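Heads up: the structure comes next, in structure tokens.
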Amino acid sequence: MKKKFAIPTLNEKLTAHFGHCEKFAIVDVEDDKVVNEAFIVPPVHEPGVYPKFLADQGVHVIIAGGMGQKAQDLFAMNNIEVHMGVQDGSPSELVMSYLSNELQTGQNLCDH
């Protein structure tokens, strides 16, 4: 199984605010193992830009603290899984938690 994950980060850790991240961690997984992790600077944030940007990167799964409803809808339209309410962690730790069915999610940490 190959999957590509995106995690919004600040100082290479998950940030609660998807639309205001410094970089996205892009984590590639093959056969339930992390094979690559890269941090990429996103384009200027405007409504709808990040979902298209991440879809163009080939992302399958988003792990985030929270995000607005429009972004959630755009990801759903592109068949990209979104897991929200995640509190903290490094990108590779969060992906490994997802792969072992131990990723703890909760309420959307974004209120817009």
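FYI, in the numbering used here the residues of the sequence shown are 2 to 113. Just so you know, even glycine gets a beta-carbon here, dropped at the ideal spot from N, CA and C. Nothing here was measured: the structure is a model prediction, and the numbers come from that model.
Asked, Found
"Three-way DSSP call (helix, strand, coil) for E94 in this model", "helix"
"Cut-off 6 Å between Cβ atoms - residues of its own chain near A72, not counting five sequence neighbours on either side", "P52"
"Beta strand (DSSP E) segment containing P9, residue limits", "3-11"
"CB contact flag (A17, L75, <7 Å)", "no"
"Which of helix, strand or coil DSSP assigns to D89", "coil"
"Proximity winner among A77, E23, H84, K4, relative to V45 (alpha-carbon distances)", "E23"
"Rounded C-alpha distance that separates G66 from M2", "25 Å"
"Nearest neighbour of V28, chosen from A39, G49, D57 [CA to CA]", "A39"
"CB-CB length for S1 against E13, believed under 8 Å", "No statement about residue 1 is possible, as the shown extent of the chain runs from 2 to 113 and does not include it."
"Alpha helix (DSSP H) segments (min. 4 residues) lying fully within the segment 31-112", "50-57, 70-78, 92-100"
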